[in-house]
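One structure is given below, encoded as structure tokens.
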Amino acid sequence: MDPTIILAAGVASGTVLLFAAVGEIFAERAGVLNLGVEGMMLIGAVVAFATAVATGNPWLGLALGTLAGGLLSIMHGIVAISFQAEQVVSGLALTFLGSGLARVLGEELSKAGSISLLPRLTLPLLGQVPIVGPIFFTDQSVLVYLGYAVVPIAWFVISRTRQGLHLRAIGENPTAADSLGVDVYRLRYAYVIVGGLFAGLAGATITLAISPGWFGDLTTGGAGWIAIALVIFAQWSPLRAMVGAYLYAAIRRMLLDIQGPQEILGFPNPFFYDHTLTFFLQMSPYILVIVVLVIVSREALRKRLGAPAALGIPYIRGERGH
Amino acid sequence: MTVQAPTHRPGRTGLTGRLPWTIRLERRLEVPRWLPPATTIGAVVVALLIGGLILAFVGADPIRTFVHVVRSSFGSLGVLSDTLVTATPLIFTGLACALAFRMRLWNIGAEGQLFIGGWAASAVVLIPIVPQGTPSFITIPLMALAGAVGGAAYGAIPGILKAFRGVNEIIVTLMLNYVAVFWLGFWVFGPWSEAGFQQTPQFPRDAWLPRLSDFAEAVPAFSGLTVHAGFLAALVAAVLVRFLLFRSRRGYEIRLIGDSPRAARYAGIDVARNTIIVFAISGALAGLAGASEVSGVIHRLQPSISPGYGFTAIIVAYIAKLNPYGVVVAAIAFGALILAGREIQPSGIPAMIQGILLFSLIASEVFLRYRVRIERR
Amino acid sequence: MTAPASVAAPPLAVEMRGIVKRFPGVVANDGVDFELRVGEIHALLGENGAGKSTLMNVLDGLYAPDEGEIRVRGEVVDFRSPRDAIAAGLGMVHQHFALVPTMTVTENVLIGLSRPRFRIDVRRYDDEIAALAERQGLTVDPRARIWQLSVGEQQRVEILKLLYRGARILILDEPTAVLAPQEASDLFRTLRAMVDEGTSVIFISHKLAEVARIADRVTVMRRGKVTAAGIPAAGATPASLARLMVGRETLETLERAPFAPGPVVLSVHGLEADGDRGLAALRGLSLDVRSGEILGLAGVAGNGQTELAQVLTGLRRCRAGRISVNGVELANRSPLEAIRQGVGHVPEDRTGVGSSPNLSVTDNLIMKSYRDAPISHGWVIDGGSARRLAEELRTGYAIAAPSVDTEARLLSGGNLQRLILAREIESKPRLLVAVQPTRGLDVGAIEAVHHLLVAQRDAGAATLLISEDLDEILTIADRVAVIYEGRVVGLVDAADADVAEIGLLMTGGTATAHAEPGEPGALVP
């Protein structure tokens with residue numbers, strides 16, 4: 155129950171959530187709800203792992219896994235943007251499809267041997283910084299460091315660039331953006347695919363860095379859905395998503411570790427003595443998500459924050475609101 | 060007097076830019092009556108074709124697989140009975156989803172509500188709430204009631220959160236699915252465990268839903284048929300839901316809210332209250348699925364009492380276009396698929412085909428919104 | 442503004458010849474010619490449905506004309522989109538703004554531009570836009586978010602967007618529909634200044650007084666054709682313009698029973714309520730409506746009408762005040778309670794609030810009556826009697842629809858409004874709140890609605906008619922009240938109504954102080 159270990163593990167597995175959440179933030183800010191994240195993560199995970207097993211090259215696995223997620227998201231784009239279907243159902247369908255397909259592709263993989271993982275790094279100077287160093291900069295996968303870089307870049311792009319301006323415009327008022335010459339359809343496709351790529355990346359992160367191996371649906375354990383909830387918690391801000399991702403993952407790790415010691419704070423540890431109680435521990439992360447959402451909903455109402463105004467609403471050119 | 064909508068000015072998606080034809084989508088103002096069933100059938104056909112291609116890709120023979128599926132679900136009285144057994148929980152959960160979706164409440168938690176319903180029904184026997192030896196005409200209705208109430212309570216949670224706080228019900232119901240699995244796990248591995256194994260003791264005979272094979276002495280043809288009273292209950296539920304939706308005041312309100320929440324408010328309807336009520340009814344239906352499974356099929360509680368009925372139900376509801384009677388038909392079809400699918404290798408194929416099917420269905424709806432014109436340039 | 446004879450006529454900024462634009466079932470522009478000179482304000486006048494907006498949408502590139510030719514500054518142009526128009530220096534400000542509420546002014550101006558390439562230097566653009574705004578007399582804080590701005594300020598942002606892109610020809614579609622009179626005066630002053638520097642402006646309106654005040658020349662359209670092309674505004678009288686617009690000199694008059702009001706049905710006192718943005722919309726509003734009368738509430742849009750209707754029908758909470766209908770206190774009760782107390786509501790938004798688009802005509806017609814007999818008995822709805830009612834109402838109110846099973850979204854605006862009125866009237870309301878009941882309807886439908894409202898009144902109903910169309914109010918109301926900034930500022934009998942005085946009240950003036958003709962705020966230029 156060492157806090158440093160828990161936080162470091164939190165940062166590591168939080169990176170998975172982070173990637174998926176940032177991708178989803180891009181898609182949702184553009185106005186498209188993508189509930190297929192879980193399916194895309196699974197596809198990314200299985201493709202990355204299978205490639206690494208087959209070729210021995212985890213970098214190739216990373217690239218292909220990421221791409222696989224992007225490819226799947228194109229289907230969502232077509233149905234949600236061009237066909238203007240109900241985005242919720244399209245996303246769900248892709249989750250079924252993605253997880254089924256991933257199971258098929260990964261059929262033999264659970265027996266596969268170990269693979270060479272992506273390298274882990276300890277940064278020389280930063281790793282020495284007290285408290286922060288051992289958590290963030292010591293023995294973390296390169297993908298974790300990638301996560302550190304992705305967030306500020308994402309924030310910058312969204313808030314301080316012309317591209318980000320257009321991204322926000324098409325998610326808030328696509329009619330206005332269209333009338334000013336912004337190609338709403340093309341941009342929405344682009345950002346949906348970005349979301350898919352990130353989801354694929356997140357899946358690859360699991361199998362190539364955090365929890366190597368392929369375990370069917372259990373590989374992600376619902377991480378895709380948690381990432382979607384995280385986006386709401388983050389109020390569509392990449393910085394806040396990062397904080398939330400690391401925190402959540404750390405809490406989850408802590409709950410797992412609670413089962414270990416015989417005593418907690420001087421009292422006998424009930425989870426050590428009665429293992430059936432661990433079921434409640436396993437439930438808690440999911441209940442935590444619900445609790446967080448409830449708290450955030452009150453905050454959002456108060457501060458008049460909220461989702462991008464056009465989120466989930468297909469854009470149909472020529473339809474004015476009276 | 061039909062009116063043609065103005066044509067959609069060609070967008071800038073360059074995907075079709077290089078072909079010698081233009082594909083133009085014209086918004087439809089009216090939908091001919093034959094079109095919705097036609098698109099549904101078309102979508103199913105396309106999905107089956109794609110599924111067949113994938114089967115061929117992994118080395119199975121698609122035609123033989125399909126024939127096998129049909130034969131092993133409808134080929135004889137015995138397998139037909141098995142199909143209906145598999146269809147029973149699908150009807151309940153399909154109704155649950157169809158009802159909720161009608162009000163645009165995305166109840167993705169039918170699986171969890173099913174688990175809780177099964178748990179509650181088992182509690183009647185395992186706590187026990189009624190003493191051993193209570194006759195079945197008391198035990199079984201009590202189990203059904205427990206399943207419905209348990210499911211309703213569990214379904215009311217996302218309903219209340221959505222009604223009062225606007226919390227996204229998709230995530231809440233999904234999270235609650237996981238919680239329900241662990242809840243069940245606790246009881247099965249813990250207090251109710253049979254000698255430390257991963258299951259509870261088998262229920263006494265009084266807690267078993269009657270099945271056709273119970274009457275094999277009187278009707279020899281019934282021997283070996285496991286279809287149980289739950290199927291009848293499911294059919295009754297379908298009739299009741301249809302009545303609710305189309306003949307009752309509550310159903311009118313549900314449909315109105317689903318179509319235009321603002322108009323519903325203007326009409327004096329309490330959307331929040333209906334949200335909770337509909338989620339509760341939906342949960343109750345899914346809970347009955349769970350009760351039906353533990354009482355009619357499994358006869359005990361074990362870590363998993365459903366191979367994903369709650370998720371398949373979403374597709375069932377969609378194929379049925381949210382119609383209660385359509386749900387019955389679709390549920391039977393999917394019951395067949397699940398049953399036969401157990402033998403298909405690799406095991407992910409039925410799930411994948413379900414995904415393709417759902418996807419194909421929503422994609423096909425584009426034809427309901429637009430007329431496609433292909434013109435030479 | 443007349444050009445001295447010795448100077449050659451200024452070149453034409455815009456020339457449209459023989460424009461024909463057809464939509465299914467109607468020819469919106471039927472061989473229209475239009476000219477805009479450089480440096481003039483040219484008003485395009487006509488009723489709802491005359492074809493003015495269509496013509497300008499053609500000019501702006503939103504629609505492609507079926508026939509005809511357009512020239513800008515002498516060059517033939519073929520705009521495929523408003524983007525092409527802007528590239529040619531021509532831009533349009535629509536009635537519904539194309540703004541993103543959560544973004545700042547600067548951000549809104551920058552949307553769609555290809556510069557800056559990547560990073561936005563916020564400070565620099567803020568300053569640039571502030572300077573532009575200052576120069577043109579369109580002051581607005583570039584860092585403010587759109588939702589924080591008043592409607593008048595938002596309109597300035599729309600104009601700034603066009604000016605920033607180099608537009609020298611501006612088309613404004615009913616710009617004063619959403620402005621308070623003081624803001625309208627500011628706008629006119631600004632336009633004048635712009636025009637003096639060489640910008641050319643087309644000003645679409647249906648308000649005679651404004652047109653007379655601001656325009657140099659006027660083109661009048663009626664039913665898709667031009668009835669007066671580019672006549673000088675100075676010489677035209679309101680009466681002659683009206684004749685050109687509607688083809689008749691007098692407004693419609695309706696047969697009705699003599700005004701004999703009964704007891705007070707609706708009594709509102711000291712109502713205070715906030716609008717959607719948290720700003721006060723109603724600031725102590727009081728009024729009474731009696732049975733057998735139509736009380737018309739006149740006012741420029743945005744003075745609290747929407748909020749008042751919502752508060753009266755239970756759709757919005759009020760902070761203070763009393764509302765009583767036949768003695769029953771209804772403030773802050775639910776919409777259902779208002780319905781139960783006999784408050785009928787013909788809402789502003791007939792497609793989003795007043796009807797359910799994918800449900801059938803029948804289902805829409807029973808929206809208020811489905812809870813009670815004979816439509817329902819206990820929990821069950823009697824489909825047969827619902828259908829019978831629907832058929833009765835369909836014929837009785839001449840709702841044109843293929844059948845009572847037709848989905849409501851397929852009905853035309855006029856028929857949908859007939860449906861809504863049928864439903865509300867059928868519920869025999871004690872009080873009918875009708876908000877903008879004839880907006881967007883053609884002349885025939887407007888008359889039908891007026892007849893229905895007057896028939897109700899003759900039968901003893903109490904009606905509150907909330908409308909931005911003063912002509913409508915003067916046609917059918919018995920008494921006229923004026924709403925300004927959330928309060929009732931004047932109340933007269935329709936028979937004694939002095940249009941000038943009402944107009945003054947609508948602009949915030951007081952009854953005793955009259956502006957001299959020619960001053961801002963006066964109706965007479």
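Residue numbers (our numbering), protein chains in the order written: chain A, 155 to 476; chain B, 60 to 436; chain C, 442 to 966. Backbone N, C-alpha and C fix where the C-beta goes; we use that ideal spot for every residue, glycine too. Predicted model, so just to flag it, every value in this text is computed and none were measured.
If you draw a 10 Å sphere on the C-beta of I160 of chain A, you find 16 or more other C-beta atoms in it, and that means buried. In the DSSP assignment, no residue is bridged to H320 of chain A. Here DSSP, grouped into helix, strand and coil, assigns V933 of chain C to strand. Between G168 of chain A and A353 of chain A, the CB-CB gap reaches or exceeds 8 angstroms.
The C-beta of L851 of chain C comes closer than 8 angstroms to at least one C-beta of chain B. Beta-bridge pairing by DSSP links F464 of chain C to C:V467. Under the 8 angstroms criterion on CB atoms, I382 of chain A is classed as interfacial with respect to chain B.
Straight through space, the alpha carbons of R757 of chain C and T374 of chain A are spaced by roughly 45 angstroms. Two segments are said to touch when three or more pairs of C-beta atoms, one from each, lie closer than 8 angstroms; by this definition the region 249-263 of chain A touches the region 407-422 of chain B. Distances from the alpha-carbon of G385 of chain B to those of B:V90, B:I82 and B:P96 put B:P96 closest. According to DSSP, residue pairing for I735 of chain C in a beta bridge involves C:T904.
With its beta carbon at least 8 angstroms from every one in chain C, V450 of chain A lies outside the interface.
Under DSSP, L873 of chain C takes part in a beta bridge, and its partners are C:G785 and C:T904. For M808 of chain C, the nearest CB of chain B lies under 8 angstroms from its own CB, placing it at the interface with that chain. Within 8 angstroms of the CB of M437 of chain A, the CB atoms of chain B belong to Y237, V238, F241 and W242, in sequence order along the chain. Pairwise C-beta distances place the region 531-549 of chain C in contact with the region 606-621 of chain C, as three or more of them are shorter than 8 angstroms. Residue-level contact check: L187 of chain A does not touch chain C, since none of the beta carbons of chain C fall below 8 angstroms from its beta carbon.
The beta carbon of L945 of chain C sits closer than 6 angstroms to none of the beta carbons in its chain outside the five residues before and after it. Under a criterion of Cβ atoms nearer than 8 angstroms, the residues of chain C adjacent to N327 of chain A are, in order, A539, L540, V541 and P542. The continuous stretches of alpha helix (DSSP H) do not include E516 of chain C, which lies in the beta strand (DSSP E) extending over residues E516 to V518. Under the Cβ distance rule, F370 of chain B counts among the residues neighbouring chain A, one pair being separated by less than 8 angstroms. Between the alpha carbons of G249 of chain B and N236 of chain B lies a gap of roughly 20 angstroms. Going by DSSP, Y429 of chain B is part of no alpha helix (DSSP H) but of the beta strand (DSSP E) stretching over Y429 to R435. Judged by DSSP in its simplified three-state form, T543 of chain C adopts coil rather than helix or strand. Taking every protein chain shown into account, the CB of M155 of chain A has fewer than 16 other CB atoms within 10 angstroms, so this residue is exposed.
F644 of chain C is bridged by DSSP to C:A484 and C:L613. Within the same chain, no residue comes within 7 angstroms of A217 of chain A by CB-CB distance, once the 5 residues on both sides are set aside.
Closest in alpha carbon position to P91 of chain B, among B:I113, B:Q172 and B:Y429, is B:Y429. When the Cα atoms are used, S351 of chain B and L201 of chain B turn out to be separated by approximately 12 angstroms. In this structure V642 of chain C does not touch L620 of chain C by the C-beta definition: roughly 16 angstroms separates them, more than the 8 angstroms allowed. When the five nearest sequence neighbours on each side are left out, the beta carbons in the same chain lying within less than 6 angstroms of the beta carbon of S295 of chain A are those of L272, R274 and A363, in order along the chain.
Think of a sphere of 7 angstroms around the beta carbon of N799 of chain C: the chain B residues whose beta carbon falls inside it are D318, in chain order.
Using a Cβ-Cβ distance cut-off of 8 angstroms, the region 339-357 of chain B and the region 807-819 of chain C are not in contact, since fewer than three pairs of beta carbons, one from each stretch, lie closer than that value. Across the region 421-435 of chain B, CB contacts with chain A closer than 7 angstroms involve I421, A422, E424, V425 and R428, in sequence order along the chain. Within 10 angstroms of the beta-carbon of Y339 of chain A lie 16 or more other beta-carbons, which makes it buried. H535 of chain C has a beta carbon lying at 8 angstroms or more from every beta carbon in chain B.
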